[in-house]
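Asks:
Protein chains: 2
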Amino acid sequence: MIIETKYRSLIKAITWRIIATLTTVALVYMFFGRLELAAAVGGLEVLLKLLFNFLHERAWLFIKFGKKKMEPFVLWFTGLPACGKSTIADLVYNQLSDRELEVERVDGRDVRKLFPEVGFTRQERIAHLKRVSHMIRMLEKNNVSVVASFISPYKESRDEIRQMIKENFIEIYVKASVESCKRRDTKGMYLRAEKGEIQNFTGISDVYEEPRSPALVLDTETLSAEQCTQQVINYIEKHLLKR
Amino acid sequence: MIIETKYRSLIKAITWRIIATLTTVALVYMFFGRLELAAAVGGLEVLLKLLFNFLHERAWLFIKFGKKKMEPFVLWFTGLPACGKSTIADLVYNQLSDRELEVERVDGRDVRKLFPEVGFTRQERIAHLKRVSHMIRMLEKNNVSVVASFISPYKESRDEIRQMIKENFIEIYVKASVESCKRRDTKGMYLRAEKGEIQNFTGISDVYEEPRSPALVLDTETLSAEQCTQQVINYIEKHLLKR
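As given, the protein sequences belong to chains S and A, one line each in that order.
Position 34 (the first sequence) corresponds to 34 in this note's numbering; numbering is contiguous.
Position 55 (the second sequence) corresponds to 298 in this note's numbering; numbering is contiguous.
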């Protein structure tokens, strides 16, 4: 958080008062041609405007008009393994972090590293996402927006975090067929899952429950990651960043 | 985050310009007694000062003087079960949340509820606090200060989070003897631990490694929770909130 120190406010007020009063003195001299009176007007102006400006600032502290709470939001990217979620979420995050808002990136892969003992059964996945949701809610509650990407295959888990975040939860379905994800899968996870070397693999040996009414659907079979990112940014600017 | 909309800034600038220019006109009229010339000075003043004020604001955008980054901090309360950590941390949090800073409260008890399957062996405690530390670091990284209270019996765990947060990590040792904690323990945990009904209980069947150089030591055997809270607030005001 960048704060303005008292010294900065004071020095800035003084430089402005000098410019403003010199302007007044110059104007009065221009009209009346009497420097000593122009200077006297300037002297009185300094005193009066210091007082009036102080009162004006204090009065505005009590006026609510035009103050707006900028709500943090949670972008939740869901989709099959290797559908392109993390890539797009990274690009969106990079664009958002250039703006004046607190934003954090949370990715399934990174969080999993902290929980090496948690497996991929339905029960474990649900408990895992419940904890992740609490963490994200904590960030959002403190005005930090979150760009999250998790396979999050079950409607139950996604509904739980939606309940926590309410209207600022933006579900983004990164849509691609199993075939196209397989082609994109550089780590060969799909192949290993088909051979049975990985259990409970979403899309092969575990279900992916498609979102019913996501805020956005990104079709990574026909659009590039950059095009999808632009779709997300457009949505954010239209619905979340309007002032 | 509360933002000031463009409308508010505009209306505030207009109300100030009206007050300021009326003051100038009144002053000029007072000195020279010619209303039509006083009005002309006022008219020109409005135009010139709009321009000059704009230039003055733009120039200050490039001046770094007096801008200060307000660093978030992590208060880490450590101590035996029932030593008074949570009570004091709650009181400190309440006082901090009244101020203009983002602050979050994280308590061992609440976090444990999200991890019902994690036990209390040395290994499990360390893995648990590692995850908690990552969450807290994420908050701190996004300018959210954290009031954390965890038994955190091992130096290793506390050093790990200190490494993450660096100089903004404030270790607070809530100190009380096992005997005095026992008296304070309304839930009868110590009794159950002594009977062997609870395993790995810090202070009875597991070690508590005292902090070697905590930023603060709160002696809950001789001081009330309110007195300890005041000690913490004094420390914060002296070291963390100075402007």
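The beta-carbon is built from N, C-alpha and C at its ideal position, and this holds for glycine as well.
Taking only three categories from DSSP, how would you classify aspartate 159 of chain S?
Replies: Locating residue 159 of chain S in the first sequence gives position 159, where the first residue counts as 1. If DSSP states are grouped into helix, strand and coil, aspartate 159 of chain S belongs with the helices.
Asks: Does the beta carbon of tryptophan 319 of chain A sit closer than 8 Å to a beta carbon anywhere in chain S?
Replies: Position 76 of the second sequence, counting from 1, holds the residue named residue 319 of chain A. Tryptophan 319 of chain A does not count as touching chain S.
Asks: Among S/Lys68, S/Gln123, S/Pro153, S/Asn143, which residue has its Cα nearest to the Cα of glycine 108 of chain S?
Replies: Counting from 1 along the first sequence, the entry for residue 108 of chain S is found at position 108. Glycine 108 of chain S has its Cα closest to that of S/Pro153, out of S/Lys68, S/Gln123, S/Pro153, S/Asn143.
Asks: I'd like to confirm the pairing. Which residues does DSSP put opposite leucine 216 of chain S in its beta bridges?
Replies: For the purposes of this step, residue 216 of chain S is identified with residue 216 of the first sequence, where counting begins at 1. Partner(s): S/Ile172.
Asks: In angstroms, rounded to a whole number, what distance separates the CA positions of arginine 277 of chain A and tryptophan 303 of chain A?
Replies: If you number the second sequence from 1, residue 277 of chain A lands on position 34. If you number the second sequence from 1, residue 303 of chain A lands on position 60. Each residue's alpha carbon lies about 37 Å from the other.
Asks: Identify, in the order they occur along the chain, each residue of the same chain with its Cβ nearer than 7 Å to the Cβ of isoleucine 447 of chain A, setting aside the five sequence neighbours on each side.
Replies: Numbered from its first residue, the second sequence carries residue 447 of chain A at position 204. Same-chain partners within the cutoff: Tyr433, Ala436, Glu437.
Asks: Does the distance between the C-beta of aspartate 428 of chain A and the nearest non-hydrogen atom of the ligand NAP fall short of 7 Å?
Replies: The ligand NAP is not part of the structure shown, which contains no ligands of any sort.
Asks: DSSP has leucine 318 of chain A in a bridge; who is on the other side?
Replies: Looking up residue 318 of chain A in the second sequence gives position 75. Its beta-bridge partners are A/Val390, A/Ile413.
Asks: Put valine 207 of chain S into one of helix, strand or coil per three-state DSSP.
Replies: Looking up residue 207 of chain S in the first sequence gives position 207. Three-state result, valine 207 of chain S: coil.
Asks: Candidates A/Arg251, A/Thr264, A/Val317: which alpha carbon is nearest phenylalanine 412 of chain A's?
Replies: Taking the first residue of the second sequence as 1, we reach residue 412 of chain A at position 169. Per the Cα distances, A/Val317.
Asks: Would phenylalanine 275 of chain A and alanine 281 of chain A be called neighbours here (beta carbons separated by less than 8 Å)?
Replies: Against the second sequence, residue 275 of chain A aligns to sequence position 32. Against the second sequence, residue 281 of chain A aligns to sequence position 38. A contact, by the Cβ cut-off of 8 Å.
Asks: Within a Cβ cutoff of 7 Å, which residues of the same chain sit near valine 207 of chain S, ignoring the five residues on either side of it in sequence?
Replies: Locating residue 207 of chain S in the first sequence gives position 207, counting from the first residue. The answer, listed in chain order, is Pro153.
Asks: Can you look up isoleucine 198 of chain S in the DSSP assignment and give me helix, strand or coil?
Replies: What you label residue 198 of chain S is simply residue 198 of the first sequence in a count that begins at 1. Three-state DSSP puts isoleucine 198 of chain S in coil, outside helix and strand.
Asks: For valine 28 of chain S, name the three-state secondary structure that DSSP assigns.
Replies: Within the first sequence, numbered from 1, the residue matching residue 28 of chain S stands at position 28. Here valine 28 of chain S sits in helix by DSSP.
Asks: Since leucine 459 of chain A and lysine 418 of chain A should fall inside the 8 Å C-beta cutoff, what is the C-beta to C-beta distance between them, to a whole number of angstroms?
Replies: Start at 1 with the first residue of the second sequence, and residue 459 of chain A comes out as number 216. Start at 1 with the first residue of the second sequence, and residue 418 of chain A comes out as number 175. Actually they are not in contact, since the Cβ atoms of leucine 459 of chain A and lysine 418 of chain A sit about 10 Å apart, beyond 8 Å.
Asks: Given this structure, state the Cα-to-Cα distance separating alanine 225 of chain S from threonine 87 of chain S, to the nearest angstrom.
Replies: The residue given as residue 225 of chain S occupies position 225 in the first sequence. The residue given as residue 87 of chain S occupies position 87 in the first sequence. Rounded to whole angstroms, alanine 225 of chain S to threonine 87 of chain S spans 7 Å at the Cα level.
Asks: CA-CA distance, glutamine 163 of chain S and arginine 380 of chain A?
Replies: Within the first sequence, residue 163 of chain S is the residue found at index 163, counting from 1. Within the second sequence, residue 380 of chain A is the residue found at index 137, counting from 1. Those two C-alpha atoms are separated by around 25 Å.
Asks: Leaving out five residues before and five after asparagine 234 of chain S in sequence, what residues of the same chain have Cβ atoms less than 7 Å from its Cβ?
Replies: Locating residue 234 of chain S in the first sequence gives position 234, where the first residue counts as 1. Nothing meets the Cβ criterion.
Asks: Look at the alpha carbon of tryptophan 16 of chain S and the alpha carbon of phenylalanine 358 of chain A, and state the distance between them as a whole number of angstroms.
Replies: Position 16 of the first sequence, counted from the start, is the residue given in the question as residue 16 of chain S. Position 115 of the second sequence, counted from the start, is the residue given in the question as residue 358 of chain A. Each residue's alpha carbon lies about 58 Å from the other.
Asks: Would a check of beta-carbon distances place arginine 131 of chain S closer than 8 Å to chain A?
Replies: For the purposes of this step, residue 131 of chain S is taken as the residue at position 131 of the first sequence. Judged by the 8 Å Cβ criterion, arginine 131 of chain S is in contact with chain A.
Asks: Please report how far the alpha carbon of valine 106 of chain S lies from the alpha carbon of isoleucine 19 of chain S, in whole angstroms.
Replies: Taking the first sequence and counting its residues from 1, one reaches residue 106 of chain S at position 106. Taking the first sequence and counting its residues from 1, one reaches residue 19 of chain S at position 19. Each residue's alpha carbon lies about 49 Å from the other.
Asks: The alpha helix (DSSP H) spanning arginine 248 of chain S covers which residue range?
Replies: Beyond the ends of chain S as shown, which are 1 and 243, falls residue 248 of chain S; an answer cannot be given.
Asks: Taking 8 Å as the CB-CB cut-off, is asparagine 386 of chain A touching chain D?
Replies: The question asks about chain D, but that chain is absent: this structure's protein chains are S and A.
Asks: Determine, using beta carbons only, whether threonine 229 of chain S comes closer than 8 Å to chain A.
Replies: Counting from 1 along the first sequence, the entry for residue 229 of chain S is found at position 229. It does not; no Cβ of chain A falls within 8 Å.
Asks: From what residue to what residue does the beta strand (DSSP E) around lysine 312 of chain A run?
Replies: Stepping through the second sequence from its first residue, residue 312 of chain A is reached at position 69. Note, lysine 312 of chain A: beta strand (DSSP E), 310-312.
Asks: Got a sec, what are the start and stop residues for the alpha helix (DSSP H) glutamate 140 of chain S sits in?
Replies: Counted from its first residue, the first sequence places residue 140 of chain S at position 140. First-last of the alpha helix (DSSP H) with glutamate 140 of chain S: 122-141.
Asks: Just to make sure I have the definition right: I need the residues of chain A whose C-beta is within less than 7 Å of the C-beta of glycine 119 of chain S. Which are they?
Replies: Reading the first sequence from its first residue, position 119 is the one you call residue 119 of chain S. Those within 7 Å of glycine 119 of chain S in chain A number zero; the least Cβ separation is about 12 Å.
Asks: Just verifying my parser: in three-state terms, what is the DSSP assignment at glutamate 247 of chain A?
Replies: Position 4 of the second sequence, counting from 1, holds the residue named residue 247 of chain A. If DSSP states are grouped into helix, strand and coil, glutamate 247 of chain A belongs with the strands.
Asks: Within the 8 Å Cβ cut-off, does alanine 283 of chain A reach chain S?
Replies: Against the second sequence, residue 283 of chain A aligns to sequence position 40. It does: the Cβ of alanine 283 of chain A has a partner Cβ on chain S nearer than 8 Å.
Asks: Are the beta-carbon atoms belonging to leucine 91 of chain S and threonine 229 of chain S less than 8 Å from one another?
Replies: By 1-based counting over the first sequence, the position of residue 91 of chain S is 91. By 1-based counting over the first sequence, the position of residue 229 of chain S is 229. Cβ atoms of leucine 91 of chain S and threonine 229 of chain S: closer than 8 Å.
Asks: Beta-carbon within less than 7 Å of glutamate 301 of chain S's beta-carbon, same chain only, minus the 5 sequence neighbours each way: which residues are those?
Replies: Given a span of 1 to 243 for chain S in the structure shown, any question on residue 301 of chain S remains unanswerable.
Asks: By the DSSP assignment, the alpha helix (DSSP H) with valine 421 of chain A in it spans what residues?
Replies: Taking the second sequence and counting its residues from 1, one reaches residue 421 of chain A at position 178. Start and end: 421-427.
Asks: May I ask you to list the residues that DSSP assigns as paired with valine 106 of chain S?
Replies: Here residue 106 of chain S refers to the residue found at position 106 of the first sequence. Valine 106 of chain S pairs with S/Ala148.
Asks: Quick check: what's the CA-CA separation for arginine 243 of chain S versus lysine 166 of chain S?
Replies: The count along the first sequence starts at 1 and reaches residue 243 of chain S at position 243. The count along the first sequence starts at 1 and reaches residue 166 of chain S at position 166. For arginine 243 of chain S, the predicted structure reports a pLDDT of 49, less than 50, and the residue's modelled location is therefore unreliable. The matter cannot be settled from this model.
Asks: If we ignore side chains and look at the alpha-carbon of each, how far apart do glycine 196 of chain S and threonine 222 of chain S end up?
Replies: One-based indexing of the first sequence puts residue 196 of chain S at position 196. One-based indexing of the first sequence puts residue 222 of chain S at position 222. Spanning the two alpha carbons is a distance of roughly 30 Å.
Asks: Which chain S residues sit within Cβ distance under 9 Å of glutamate 403 of chain A?
Replies: Within the second sequence, numbered from 1, the residue matching residue 403 of chain A stands at position 160. Under the 9 Å cutoff, chain S gives no residues; its nearest Cβ is about 12 Å from glutamate 403 of chain A.
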